[in-house]
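The numbers in the UniProt record's numbering rise by one with no breaks, and the one at position 159 of the sequence shown is 159.
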Amino acid sequence: MDNAIKKLNLVDEVYERMKEKIVSREWEPGQKIPSENELAETYNVSRNTIRNAIQKLKGLNIVVTKQGEGTFLKEDLNSNLISNAIPTIFLNEKDIIDVLEFRSIIEKENARLAAIRANKSDIEEIEYSLNKMIENKNDYKEYTLWDYTFHLNIAKASKNKILYQTMLRLKDILLTHLKEMNKNGDFDKSIKGHKKLYFAIKNKDHDLAVKLSEEDNRERSKDLNI
């Protein structure tokens, strides 16, 4: 159960928590979200706070309420809809280098810890996002969303809340960076690298997981002539 939210602006806090579940695909397109009562209990807030947070999601065309059934994520929910919830960020060349340096630091530790701590459910989530990358390799925008989700699921599998929350909070920056990298990328090569990393984590080979993460970031640096 999520920790109770104690900040003053409860509606915004609940809204952000719910949005995180959507971005991380914990709540899937078309899925019915928990009832107002369940969410109020989960976040330890009033039903009115939950209702207002849901209204914000409705305003972004992310959820729909069906009379007598409940509230559902839109069936056609995709990266564009989610992106509309977050201001667009434009990265210059120095920013891209900074993000790459950040990724080289955090992703190898995510991979190492995931290889040590991932359970069956974590492995299934990582595998699912990998399969969605393969499925969408001809659509770089959708591919990018699942690329991000793949790495987010690895962070989740690390069982380190700070690492996971950092990946969530930097979602807009990381997505923008990945879009730039994937726009003219070699998807077959990318998928091959992600598969190797997936199997290293699944086989609990933490040394190999770290090595593969480092190799991936070195390749990206070469692509940028860093």
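Where is the CB? At the ideal position from N, CA and C, for every residue including glycine.
Fair warning: this is a prediction, and the values are worked out from it, not measured in the lab.
The segment 10 to 17 makes contact with the segment 52 to 65; the number of CB pairs closer than 8 Å reaches 3 or more. Residue state for Val210 is assigned as helix, using DSSP reduced to three classes. If you compare the alpha carbons of Arg25, Trp146, Lys32, Gly59 with that of Phe72, the shortest gap goes to Lys32.
In the pairwise beta carbon analysis, the segment 140 to 157 is classified as touching the segment 171 to 187: at least three pairs are separated by under 8 Å. In the structure shown, Gly68 falls within a coil segment according to DSSP collapsed to helix, strand and coil.
Shown here, Leu73 sits in a strand according to DSSP, grouped into three states. In terms of Cα proximity to Glu135, the closest of Glu124, Ile62, Ile191 is Ile191. At the C-beta level, Ile126 and Phe150 come within 9 Å of one another. Judged by their CB atoms, Ser129 and Arg47 are not nearer to each other than the 9 Å cut-off. Under DSSP, the beta-bridge partners assigned to Lys32 are Phe72.
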